[in-house]
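These notes concern the structure reproduced below.
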Amino acid sequence: MRIGDLAARTGLTTKTIRFYESSGLLPSPPRTPGGYRDYADDTATRLAFIRDAQRAGLTLAEIRSILALRDDGHAPCTHVTDLIHEHLDDIDRRMAELAATREALRDVAARAATTDPATCGADDICTVLKPARP
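Take the sequence shown: its position 3, counted from the start at 1, is 3 in the UniProt record's numbering, and no numbers get skipped.
This is the structure we're talking about:
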């Protein structure tokens with residue numbers, strides 16, 4: 001199947017398919033005598049997997065590692081599970097950081113609500129952002 005047909009079948013652009021090929025996510029297909037790429041039918045399944053994995057938050061490098069395991073004849077389930085848990089841990093960490101940032105911004109917003117711009121001294125750049133002193 002030519003790249004245009006594969007693109008139409010998968011909803012991807014030909015540029016994206018070529019990018020996946022150059023990134024090692026797709027094996028280089030054989031060429032027709034005219035020099036056109038000639039993709040196998042199962043390439044559409046592989047592209048659907050790549051899209052699903054990206055939707056789940058996996059990076060292209062992680063997806064490449066999963067595909068390499070499968071291409072070597074190994075079931076990648078344990079590896080995928082480990083990657084998913086790593087991503088969940090990362091999300092939990094980032095959510096905690098965002099919660100702390102939200103609290104800091106709420107403190108600053110409360111300070112801003114009670115700050116009179118007329119009381120800003122020449123030595124201060126902005127008293128709203130200046131931490132409250134005990």
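Don't be surprised by glycine CBs; every beta carbon is placed ideally from N, CA and C.
Quantities reported herein were computed from a predicted structural model and do not represent experimental measurements.
Please report the distance separating the alpha-carbon of LEU69 from that of ALA75. 7 angstroms
From VAL108, THR119, VAL80, LEU26, pick the residue whose C-alpha is nearest to that of ALA48; which is it? LEU26
So, under 8 angstroms CB-CB, ASP38 and PRO30 are touching, yes? Tell me the CB distance rounded to an integer number of Å. 5 angstroms
Given that a residue counts as buried once 16 or more other Cβ atoms are within 10 Å of its Cβ, and exposed if not, what is GLU62? buried
Cutoff 8 angstroms; reference ASP124; Cβ partners in own chain excluding five residues on either side: LYS130
Burial state of ARG55 (16 or more Cβ within 10 Å): exposed
So, at 8 angstroms on beta carbons, what are the nonlocal neighbours of ARG18 in its own chain, with the 5 sequence-adjacent residues on each side left out? ILE3
By the 10 Å Cβ neighbour count, where 16 or more other Cβ atoms means buried, how is ARG46 classified, buried or exposed? buried
Any idea what DSSP makes of ARG37, helix, strand or coil? strand
Throw me the rounded Cβ distance for the HIS79 and ILE66 pair, which I believe falls under 8 angstroms. 6 angstroms
If you run the structure through DSSP and keep just helix, strand and coil, what is ARG2? coil
Selected residue, minimal CA-CA separation from ALA8, among SER23, THR43, GLU21, SER28: THR43
Alpha-carbon spacing of ALA122 relative to ASP107, whole angstroms: 23 angstroms
Boundaries (first-last residue) of the alpha helix (DSSP H) holding CYS126: No alpha helix (DSSP H) holds CYS126; DSSP gives it neither H nor E.
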